[in-house]
Structures are given as structure tokens and as C-alpha cells.
Amino acid sequence: MKTITIPQTGRKLGLPKKSRWAIFKQQKYLFLMMLPALIWAVVFAYTPMVGLYMSFVNYQPTLGGFWHTLFTSEFVGLKWFQYFFENGDFLIIMRNTLASTLITLLFSFPMPILIAIAINEIKSVKFKKTVQTASYLPYFISWVIAANIIVTLLSSDGAINGLLKFFHITSESVLFLQEGKYFWWIVALGNTWKDMGYSSIMYLAAISSINQELYEAAKVDGANRFKQIRYITLPHLKPTIVILLILALGGILNAGFDQHFLLGNDLTRGYSDVLSTYSFRYGIQNGMFSYASAVGMFSSVVAFIIVVTVNNISKKLNGQSLF
Numbered sequence: 001m002k003t004i005t006i007p008q009t010g011r012k013l014g015l016p017k018k019s020r021w022a023i024f025k026q027q028k029y030l031f032l033m034m035l036p037a038l039i040w041a042v043v044f045a046y047t048p049m050v051g052l053y054m055s056f057v058n059y060q061p062t063l064g065g066f067w068h069t070l071f072t073s074e075f076v077g078l079k080w081f082q083y084f085f086e087n088g089d090f091l092i093i094m095r096n097t098l099a100s101t102l103i104t105l106l107f108s109f110p111m112p113i114l115i116a117i118a119i120n121e122i123k124s125v126k127f128k129k130t131v132q133t134a135s136y137l138p139y140f141i142s143w144v145i146a147a148n149i150i151v152t153l154l155s156s157d158g159a160i161n162g163l164l165k166f167f168h169i170t171s172e173s174v175l176f177l178q179e180g181k182y183f184w185w186i187v188a189l190g191n192t193w194k195d196m197g198y199s200s201i202m203y204l205a206a207i208s209s210i211n212q213e214l215y216e217a218a219k220v221d222g223a224n225r226f227k228q229i230r231y232i233t234l235p236h237l238k239p240t241i242v243i244l245l246i247l248a249l250g251g252i253l254n255a256g257f258d259q260h261f262l263l264g265n266d267l268t269r270g271y272s273d274v275l276s277t278y279s280f281r282y283g284i285q286n287g288m289f290s291y292a293s294a295v296g297m298f299s300s301v302v303a304f305i306i307v308v309t310v311n312n313i314s315k316k317l318n319g320q321s322l323f
């Protein structure tokens, strides 16, 4: 029996507690609307997770069918994980993955915030729409096209080398895509250019929900635009920033397959080979499906641990969390 307290009198009234079946009958149409999403999640998100069993067996494809071959393969336990950790490639792959994602995060995380604030400060509606459209467009370009644009710009006779020579910064062309020391920075800037406009949409939505009377009151108190951004806009963006940062840190081992595969080559493999390209090379090209599955599972487990850890830290420090 539930009880409620009447504030004026302090009296408590008993309310009958509804059974789960009664709640279901009352909200049956809402549950029915959830059914397609539930079916989709089960079929496409949870059913494929059965394939993680491949990480613990010595799987070799045969004509007997995938599931039959998978469950009749030799069980090897943690052999593939042990092989990955003891392999000489582990430290190099982890170094490349972490360096690429952290440098990308350094550029790509603050840029959408700055763009959203800058767009919000534009007074001309037409110019604002033009800037928004221009910043969104790269997101809808596939990485195949984006990689070709980057390769063209960074080629020995490309625009970047032309500018470096024009301003006498260098007398010879810099081989950006043939020297590994440039690779992480190229990927980081490419990711930032491609995603920053689209990522700013969430921050623009958060800014649009801010009560405009706060800005009017700040103007009356003599606050200029920079102080309004500092004391009104950024504090209201804090919950969105924290949630997106947690999600970004959760993907710290997902450096991105497309950009590393398309921009990397044999000369830069020591810097361009990350977890996703490494598992692709061993799984698809070398036919070591179980080993590639183990590498992918390791990445997913670490990402899950990072999300939970960062979420709990954020909840304790400032009360903001994803769940």
C-alpha cells in the first residue's frame, strides 16, 4: 500500500499499489510501440554477441555452416588473448591507437563547442545558415572522398606544400603522407574537419534552450558578450559537455578504421596501424578470424570499463553522469 502526505495537514492517505500486470494493461499501447525497437535491439545488437564465442575457439570456416562450425570448433580458452598480449605488436598497436585517439580528442572535442558558440553569436540569419551548412557538409562526405581530398592537399605539389614554399617556411616539398611522425596529426585534423560541424548541433540545441532573460539581465548588469558566454552559456552547456566527453572517452580505443586504412601505407604502418586495421588485416586478409575477434572483444571490454569508470568519477565530482 503506497501512502502520500498532504502538505497542509500532514495527513497520510493510503493508495492501492498497482500490480505490474495492471500497469501493463493500462499502458499496453505504449509497450506495443516499444516492440519494434525491442525486436531490432535483440536481432541486431544482442544476437550477434553470440559470435564473441569465436574469441575462445580455434574457428576455421567450413562448408558445414557458420553456427555449426563455430560451436564445434576446438575450445582454446584465453589462448588468443594471451597471444595478443605477448605478441610484439601489442605495444605498438596500443601506442598508435591511444596516440591517434587522444590527439583527435584534443582537437575534435572543443571545436564543436567553439563553433556552436560562434554560430550562436552571429546576428545575420542568412549568414548563420550559410556557416551552418558549410560546417555540416564534410560530415556527409564519405571517408573515401575525404581521404582523396586530404591526399591531394598534402601531396608534394599540393596546396599545403605550395603555401609553405610561398611563405618561405620550407624550400622543398614535405612528404606528409610518407613520414610517420605526421600521421597522427593528419588524422586528428581530418577527423576534426569532418565531424566538428555536425557535432556542434547538440551544443546549438543546448544553447537554444537557455532562457534569454538571463542574457538580458546580464546586459543590464553591464556584462559584455564574452562575460555572457563565460557565466551563462558555458555553465548551461556543462551537462551536455560532460555526457559527450564520457561517450568520447568510451571510444578511446576506436581510432577509426576508414581514415587509418585509407590514409595509411606501408611507409607509415608503424604509426597508422591501430586496433581496427590490425584486426582487419589478421581477420580478413590472413584468415585468423578467432584472433581478430579476440582483439575486437578486448577493445570493447576496455571501452566499457572506461565508460563506467569515467561516469562514476563524473557523478562523484560534479553530479553529472550518463547513467
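For the sequence shown, position 117 (counting from the first letter as 1) is numbered 117 according to UniProt numbering, and the numbering increases by one without interruption.
Virtual Cβ for every residue (Gly too), placed ideally from N, Cα, C.
So for residue i, helix, strand or coil by DSSP?
i	result
Asn-254	coil
Glu-216	helix
His-168	coil
Ala-223	coil
Ile-141	coil
Lys-315	helix
Phe-323	coil
Lys-123	coil
Val-307	helix
Asn-161	helix
Ser-290	helix
Leu-244	helix
Gly-51	helix
Leu-15	Confidence at Leu-15 is low in this model, with a pLDDT of 47, below 50, so its placement is unreliable and no value can be given for it.
Val-174	coil
Leu-63	coil
Ser-135	helix
Gly-264	coil
Asn-211	coil
Considering only DSSP beta bridges, list what residue i is partnered with.
i	result
Glu-74	Asn-58
Please report the residue range of the alpha helix (DSSP H) in which residue i lies.
i	result
Ile-93	89 to 108
Ile-201	183 to 208
Asp-276	Before going further, note that residue 276 is Ser rather than Asp in the sequence given. Per DSSP, Ser-276 belongs to the alpha helix (DSSP H) from 275 to 280.
Glu-86	79 to 86
Ile-39	28 to 41
Arg-269	269 to 272
Below 8 Å on the Cβ atoms is my guess for residue i versus residue j; work out the distance and round it to an integer in Å.
i	j	result
Asn-96	Tyr-271	6 Å
residue 330	Ala-223	What the structure shows of the chain is the stretch from 1 to 323, and residue 330 is not part of that stretch, so it cannot be assessed.
Leu-275	Ser-300	Not confirmed; about 10 Å, so no contact.
Trp-185	Ile-103	6 Å
Leu-237	Tyr-203	6 Å
Asn-120	Ile-207	5 Å
Beta-carbon of residue i versus every beta-carbon of chain C: anything under 9 Å?
i	result
Ala-218	Chain labels in this structure do not include chain C; a single protein chain is all it has.
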